[in-house]
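Here the structure comes first, spelled out in structure tokens, and everything after it is commentary.
In this note's numbering, the protein residues as written are 21 to 251.
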């Protein structure tokens, strides 16, 4: 994906001198990962020959100009064929490929959990969220379907309120969407917190063959009563 779309993007900008291959792209991301824990004041210092900042490992793998050229042309989608209305259209092919890889052996765990995860981000984007009281307050919210051991089977970034014709609450939509990758519902038990759980959702999951457990808010019980609401 990176090789194809980076070459396409460079051609769209008339950058005729740009070329890349899979091996060099792995080196490019290796340098980015390295800079995450070996930080320097400026990017160019990774190629500096000064004794106090030199990082020979970086300079041996890729020249500074080549790294900056790759950084300018990083793309995973064709800008001329983006899905209208999808705020994540520029990274959607990568997300789909990741999910295909995660599901290549099927959803093999019996106990599954649906929850959210924050990815830190402090730049500008219409999907960036602020969650008060969370360890990571600013960033992208991801919906995840995971095993009891933490292995993710399905990842979907939250892009804000969707325009659909259903009256289902957001939590119910997320759970049903995340479970579409499962093949045999009777083989799985789903766990979730009170953001997702509702009477209607549990009834729908039962009709589909899933077993489900979740904490629930009192206002979502409909006419179901609990023995002791306030212990």
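Idealized CB from N, CA, C, for every residue including glycine.
Per DSSP, the beta bridge partners of residue 166 are 133 and 172. The bridge partners DSSP lists for residue 234 are 212. Of 151, 168 and 65, the smallest CA-CA separation from residue 162 is found for 151.
DSSP, read as helix, strand or coil, puts residue 191 in helix. Counted as a single uninterrupted DSSP element, the alpha helix (DSSP H) harbouring residue 50 occupies residues 42-57.
Of all alpha-carbon atoms in 35, 127 and 183, the one lying nearest the alpha-carbon of residue 167 is that of 127. For residue 150, the beta-bridge partners assigned by DSSP are 158. The Cβ-Cβ distance between residue 221 and residue 192 falls below 8 Å. Two segments are said to touch when three or more pairs of C-beta atoms, one from each, lie closer than 8 Å; by this definition the region 72-84 touches the region 36-50.
Going by DSSP, residue 87 is part of the alpha helix (DSSP H) stretching over 84-93. Of all C-beta pairs linking the region 140-157 to the region 196-206, fewer than three are shorter than 8 Å, placing the two stretches out of contact. Setting aside the 5 residues that flank it on each side, residue 131 is surrounded in the same chain by 167, 168, 208, 209 and 211, each with a C-beta closer than 8 Å to its C-beta; the list follows chain order.
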